[in-house]
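There are 4 protein chains.
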Amino acid sequence: MGAMAEGGTRSTEVHDRREQELEFSRVVAFSDGVFAIAITLLVLGLEVPSHVSDLGQALRDRADDLYAYALSFAVLGSLWLSHHRFYGSLARFDSRLIALNLVYLAFVALVPFTSDLLGDYSGSTSAVVIYALVMAAISIAFGIQIRYAFRHGLVRSEVQPYARRFAGRASVVISGGFLISIAVAFVSVEVATYMWVAIAFFGPRIADALAGKRSPF
Amino acid sequence: MGAMAEGGTRSTEVHDRREQELEFSRVVAFSDGVFAIAITLLVLGLEVPSHVSDLGQALRDRADDLYAYALSFAVLGSLWLSHHRFYGSLARFDSRLIALNLVYLAFVALVPFTSDLLGDYSGSTSAVVIYALVMAAISIAFGIQIRYAFRHGLVRSEVQPYARRFAGRASVVISGGFLISIAVAFVSVEVATYMWVAIAFFGPRIADALAGKRSPF
Amino acid sequence: MGAMAEGGTRSTEVHDRREQELEFSRVVAFSDGVFAIAITLLVLGLEVPSHVSDLGQALRDRADDLYAYALSFAVLGSLWLSHHRFYGSLARFDSRLIALNLVYLAFVALVPFTSDLLGDYSGSTSAVVIYALVMAAISIAFGIQIRYAFRHGLVRSEVQPYARRFAGRASVVISGGFLISIAVAFVSVEVATYMWVAIAFFGPRIADALAGKRSPF
Amino acid sequence: MGAMAEGGTRSTEVHDRREQELEFSRVVAFSDGVFAIAITLLVLGLEVPSHVSDLGQALRDRADDLYAYALSFAVLGSLWLSHHRFYGSLARFDSRLIALNLVYLAFVALVPFTSDLLGDYSGSTSAVVIYALVMAAISIAFGIQIRYAFRHGLVRSEVQPYARRFAGRASVVISGGFLISIAVAFVSVEVATYMWVAIAFFGPRIADALAGKRSPF
């Protein structure tokens with residue numbers, strides 16, 4: 001509401017997190033809500049076979065659904081952890097950051113769909129490409145948020161000197177990895193899938209190694 | 001609970017937001033919950049094609065689903081931002097405002113349905129009219145909430161002199177725009193759809209221009 | 001955790017709400033979450049017709065779905081308001097109240113199913129009876145919670161002298177009304193449905209009139 | 001963010017709960033969100049029969065769905081209560097505990113699927129085995145969290161001397177009971193199902209009896 005008093009434009013008014021604790025915690029709670037719902041909706045990708053005589057066999061035939069569930073739960077869980085750490089490091093926020101966060105969440109909320117697709121069409125190049133595209137979009141949208149926060153001094157001052165050097169670097173490595181996996185998917189769908197597990201595990205470590213220090217997120 | 005002590009009626013007892021922080025934050029958290037769930041349920045409108053041989057083609061055939069998802073995510077996201085700003089400006093609340101908010105949320109929670117409809121029947125006048133009707137109903141219900149809050153002095157005093165002049169104005173412009181788009185839909189479904197994007201982008205700016213000042217919400 | 005230190009049993013240890021603010025707010029937030037999810041899942045009862053040529057007609061044929069949605073949204077909304085007021089009046093809580101609340105929520109979470117049933121089989125006695133049974137069960141489970149809270153001194157002292165006289169009375173009237181509507185449904189499904197609207201509007205007022213004072217919930 | 005300043009590794013940095021209240025409450029709120037969503041999604045296992053003439057009979061034929069709903073609501077409700085008590089006893093947390101919690105939640109979020117399976121294939125050994133496997137996995141993942149918290153001094157000091165003796169004991173009894181029920185399911189599906197109810201009711205009591213004291217969770 002400070003916009004009018006200060007004559008600022010809507011998108012550039014900056015709120016101190018402590019002064020606007022309710023506002024800030026609503027943004028955080030909304031993001032957590034989207035993550036919690038998306039991660040729990042993954043279960044809808046596990047379809048109950050209808051009217052089969054051998055249930056055990058029918059479920060073993062759908063083992064790919066379970067793999068997609070486990071992969072996507074791990075992916076959304078680690079995205080949430082990073083988001084959690086990033087918002088924990090903010091001292092201020094503005095409405096442009098909230099808008100960037102919404103774009104980021106729009107891709108996060110797509111994961112139950114891409115995961116369901118991957119479970120049902122695990123051998124398909126299209127399913128793998130779409131999964132990787134959404135993951136790359138999430139990484140890029142997260143990287144943009146991080147960069148924006150650093151450039152506009154929204155991050156806590158004690159974090160800034162350390163963290164500026166890494167800002168977005170992990171997300172470049174991770175989104176780059178996902179984009180490369182798209183090319184790989186045209187050669188081998190399976191290798192592309194294994195790449196994602198490698199990205200999830202080693203991506204942050206590679207980014208740290210490149211920067212010579214550990215990323216704060 | 002103050003009703004009995006004060007002899008007031010249920011609907012007109014006014015609570016100070018700070019004294020009733022838990023109550024107020026429950027209303028806000030409930031609204032955020034409905035928004036977060038509705039925005040995440042949009043993904044259920046993206047259907048996984050069943051048993052197709054060419055997945056890529058099957059998905060391109062369903063590009064309208066993705067357009068409906070993106071549009072509705074943007075719409076629900078910006079509605080949530082406005083709701084967020086509006087509730088941030090409240091100093092007090094009463095149970096009639098909570099009831100008005102429930103009516104507003106009943107229309108918000110319809111969006112995953114109208115969005116799914118729009119994705120599946122994007123060329124259909126009926127689908128476009130229903131989508132626009134729900135959007136107009138949301139705008140009107142939001143405008144009613146804002147007017148009620150101003151008329152009953154629920155808004156913070158430092159906001160009031162500035163904001164009273166705009167109260168509901170944006171929602172009149174926006175709901176008017178959606179109602180006009182219904183008439184347009186009978187001529188051209190596509191033009192009506194483009195109107196929505198224009199409303200989302202320019203609606204608040206037109207309202208500001210009409211008032212000669214920026215709306216606080 | 002105080003159980004061991006105090007030698008109490010798990011179910012009778014009483015927590016002061018202020019001392020255990022996080023615990024209390026988790027119970028409240030969990031209940032709000034179930035309400036928000038259940039109210040937003042109602043939209044899944046509105047099915048998008050598949051592959052119809054006249055969408056407008058197909059939707060008019062399903063107007064009952066929309067009626068069930070509106071009714072159930074109003075019902076869940078007013079249940080949430082009552083729950084909200086009741087928990088706002090608590091000074092203390094214990095784990096038995098939390099268990100009673102879980103039983104109550106188990107019936108609340110059934111409403112998206114009974115509402116979907118009502119929309120699809122609106123002329124069916126079975127659908128109306130099941131809807132009314134779940135509503136009666138909710139009212140009874142809420143009444144039990146309220147009585148338990150009063151009998152074990154969990155309600156704020158300033159509320160107690162006023163509220164003790166009404167404790168559960170509204171829920172007796174409301175659950176009684178729903179039980180009567182079950183008998184009515186065997187004669188006329190429509191009359192039973194109209195009874196519910198009357199119960200929602202007049203139930204609390206009748207309870208107030210019987211008690212000679214307004215119920216605090 | 002303290003990692004860099006203190007030179008610690010990401011997974012071993014320990015946060016005081018009071019100093020990092022927002023962080024801690026986000027983890028708790030996220031867990032509560034997953035529980036609330038999973039428990040409310042159980043209702044999706046109750047399918048509305050399509051186009052039947054005798055609705056009452058069609059629903060009686062699906063009574064197993066309701067049994068699975070009631071059982072799973074009770075199971076998820078009591079899991080949530082235990083999780084609630086456990087996190088209430090924490091004085092500190094670290095990111096490894098958050099990661100263990102995510103693994104635990106990945107199994108919790110599977111319950112709507114296993115419950116749906118159980119309702120649709122209640123006589124099937126496969127459905128019963130899968131249900132029991134997921135329950136055992138939840139118990140084990142919870143036990144691991146509890147052990148980790150005690151071994152790394154994350155539990156409040158006044159709780160520790162009492163609680164250390166029971167750490168994980170209940171989860172050993174409960175997960176053991178579920179694993180035994182898997183063997184039993186190959187002989188009698190019904191006995192296995194009754195075992196679960198017995199485990200839910202008597203499991204914690206048996207664990208208390210073994211330890212000679214009441215478990216704090």
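Protein chains in written order, with our numbering: chain A, 1 to 217; chain B, 1 to 217; chain C, 1 to 217; chain D, 1 to 217.
Note that CB positions come from ideal geometry on N, CA and C, so glycine has one too.
Measure the C-alpha to C-alpha separation of A99 (chain D) and L100 (chain A) and round it to an integer number of angstroms. For A99 (chain D) and L100 (chain A), the gap between their C-alpha atoms comes out near 26 angstroms.
7 angstroms CB neighbourhood of V34 (chain A) in its chain, flanking five on each side removed: Close CB contacts of V34 (chain A) within its chain, under the 7 angstroms cut and outside five residues either way in sequence, are with L105, V108, A109 (chain order).
Which residue from B:F24, B:A185, B:T193 puts its Cα closest to that of H84 (chain B)? Here the closest residue by C-alpha is B:F24.
For E23 (chain B), would you say it is in contact with chain F, using Cβ-to-Cβ distances shorter than 8 angstroms as the test? The question asks about chain F, but that chain is absent: this structure's protein chains are A, B, C and D.
Should the region 192-206 of chain A be regarded as contacting the region 43-55 of chain C, the criterion being three or more beta carbon pairs within less than 8 angstroms? Fewer than three beta-carbon pairs drawn from the region 192-206 of chain A and the region 43-55 of chain C are found closer than 8 angstroms, and the two stretches are therefore not classed as touching.
Tell me which residues share the same chain as I199 (chain D) and place their Cβ nearer than 7 angstroms to its Cβ, disregarding the 5 neighbours each side in the sequence. Excluding sequence neighbours, I199 (chain D) sits near I174, G177, F178.
Between the region 98-113 of chain D and chain A, which residues of the former have CB atoms less than 7 angstroms from a CB of the latter, in chain order? Using a CB distance below 7 angstroms, the part of the region 98-113 of chain D facing chain A consists of I98, L102, A106, A109, L110, P112, F113, ordered along the chain.
Tell me whether V155 (chain D) sits in a helix, a strand or coil according to DSSP, three-state version. Correct three-state label for V155 (chain D): strand.
Using the rule of at least 16 other Cβ atoms within 10 Å of the residue's Cβ for burial, across every protein chain shown, is V134 (chain C) buried or exposed? Under this definition V134 (chain C) is a buried residue.
Could you compute how far the alpha carbon of S153 (chain C) sits from the alpha carbon of F86 (chain C)? Note that residue 153 (chain C) is Gly in the sequence shown, not Ser. Each residue's alpha carbon lies about 13 angstroms from the other.
Should the region 182-196 of chain D be called in touch with the region 117-134 of chain D, which here means at least 3 C-beta pairs below 8 angstroms? The region 182-196 of chain D is in contact with the region 117-134 of chain D.
Hey, which unbroken runs of the alpha helix (DSSP H) at 4 residues or more fall wholly within the region 89-126 of chain C? Counting whole runs of 4 or more residues, the region 89-126 of chain C contains the alpha helix (DSSP H) stretches 95-108, 111-120.
Is any beta-carbon of chain A found at less than 8 angstroms from that of F93 (chain D)? Not an interface residue.
Straight-line gap, F30 (chain C) to R151 (chain A) (C-alpha atoms, nearest Å): Computed Cα separation, rounded: 38 angstroms.
Chain D residues whose Cβ lies nearer than 8 angstroms to that of F202 (chain A): Think of a sphere of 8 angstroms around the beta carbon of F202 (chain A): no beta carbon from chain D falls inside it, the nearest being about 14 angstroms out.
Check whether I39 (chain A) and L76 (chain A) have beta carbons under 8 angstroms apart: Contact flag set, yes.
CB contact below 8 angstroms: H152 (chain B) versus chain A: Not an interface residue.
Chain B contact residues for I174 (chain C), given Cβ-Cβ distances below 8 angstroms: Result: empty, since nearest Cβ-Cβ is about 16 angstroms, beyond 8 angstroms.
If the cut is a Cβ gap below 7 angstroms, which residues of chain D does T40 (chain A) touch? Within chain D, the residues V34, I37, A38, L41, A109 have their CB atoms less than 7 angstroms from the CB of T40 (chain A), given in chain order.
Where do the ends of the alpha helix (DSSP H) carrying G56 (chain B) lie? Counting along the chain, the alpha helix (DSSP H) containing G56 (chain B) begins and ends at 55-60.
Beta-carbon contacts of A74 (chain C) that lie in its chain and below 7 angstroms, excluding the five residues immediately before and after: Contacts found: A200.
Local Cβ density within 10 Å of V187 (chain D), reported as buried at 16 or more and exposed below that: By the 10 Å Cβ count, V187 (chain D) comes out exposed.
Measuring straight from C-alpha to C-alpha, what distance separates V28 (chain A) and L42 (chain D)? Here the C-alpha atom of V28 (chain A) lies approximately 27 angstroms from the C-alpha atom of L42 (chain D).
Hey, how far is the Cα of L118 (chain D) from the Cα of P112 (chain D)? Going by the C-alpha atoms only, they are around 10 angstroms apart.
Any C-beta of chain C under 8 angstroms from that of A29 (chain B): Look at A29 (chain B): its C-beta is under 8 angstroms from a C-beta on chain C.
Check whether the Cβ atoms of V103 (chain D) and A141 (chain D) sit closer than 8 angstroms, and answer yes or no. With respect to A141 (chain D), V103 (chain D) sits close: the two C-beta atoms are nearer than 8 angstroms.
Taking C-beta to C-beta, are G56 (chain C) and S126 (chain B) nearer than 8 angstroms? Going by C-beta atoms, G56 (chain C) is nearer than 8 angstroms to S126 (chain B).
Could you check whether the Cβ of S11 (chain A) sits closer than 8 angstroms to any Cβ belonging to chain B? Annotation note: pLDDT 39 at S11 (chain A) (below 50); position unreliable, no value reported.
Am I right that R156 (chain A) and A91 (chain A) are in contact with their C-beta atoms under 8 angstroms? What's the rounded C-beta distance? Rounded to the nearest angstrom, the Cβ distance from R156 (chain A) to A91 (chain A) is 4 angstroms, consistent with a contact under 8 angstroms.
Is the shortest distance between the beta-carbon of A127 (chain B) and the beta-carbons of chain C less than 8 angstroms? It does: the Cβ of A127 (chain B) has a partner Cβ on chain C nearer than 8 angstroms.
Does DSSP put L46 (chain C) in a helix, in a strand, or in coil? Three-state result, L46 (chain C): coil.
Taking only the alpha-carbon atoms, compute the straight-line gap between S115 (chain A) and V189 (chain B) and give it to the nearest angstrom. S115 (chain A) and V189 (chain B): Cα-Cα distance of roughly 32 angstroms.
Separation of D94 (chain A) from A68 (chain B), as counted between CA atoms: So the two alpha carbons sit approximately 28 angstroms from each other.
Which whole-angstrom value describes the C-beta separation of I138 (chain B) and L81 (chain B), a residue pair presumed to lie in contact below a C-beta threshold of 8 angstroms? About 14 angstroms; that fails the 8 angstroms criterion.
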